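A.B. asks:
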Amino acid sequence: MHTHHGHPDPNTAAQPSVLELGENVGAAVIYTPSDLNGAEIEIKPSGAGWNGAHTAVRRRPVGGGSSDLFAALFYGLPAGPYDLRLDHDIRSIRISGGQVTEETW
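According to this note's numbering, the sequence shown is numbered sequentially starting from 1.
(1) Would you check if the distance between the CB atom of A71 and the CB atom of T32 is smaller than 8 Å?
(2) Only counting runs of 4 or more residues, tell me where the alpha helix (DSSP H) segments fall wholly within the region 31 to 80, in order along the chain.
(3) Could you tell me how far apart the beta carbons of L21 and G98 are, in whole angstroms, since I believe they sit closer than 8 Å?
(4) For V25, which three-state DSSP category applies?
(5) Round the Cβ separation of I41 and L77 to the nearest angstrom and send it over; I've been treating them as touching at under 8 Å.
(6) Could you check where the beta strand (DSSP E) with S92 kicks off and where it finishes?
(7) Report yes if the CB atom of A56 is closer than 8 Å to the CB atom of A39, and no otherwise.
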């Protein structure tokens, strides 16, 4: 999870990620349409205030680069319910320990 204030160049692909998952720690991949490339999605535990934790939607090459996905990756998340926000659109997800939760925006 990032709390940076800069924006990545949306024309560059994300680098490979290594995730540490544990009994009570998980991750989330949020797939988006390509027009959200470079957008920042915020995350917070449900019931908590927005604290600025966010990550960018990035182009993520698949296979030999013949097709790409666009997604935001959140990692190191304690298991439980979370809210995601992009502009005024808020959605809920549940993170499970030891797993990667996949959602589509």
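Glycine residues also receive a C-beta, built at the ideal position from the N, C-alpha and C atoms. Predicted model, so just to flag it, every value in this text is computed and none were measured.
C.D. replies: In short:
(1) In this structure, T32 lies closer than 8 Å to A71 by Cβ.
(2) Runs found: none.
(3) Right, their Cβ atoms sit about 5 Å apart.
(4) V25 falls in the strand class under three-state DSSP.
(5) I41 to L77, Cβ: 13 Å. No contact.
(6) Taken as a continuous stretch (DSSP letters only), the beta strand (DSSP E) holding S92 covers 89 to 95.
(7) Yes. Within cutoff.
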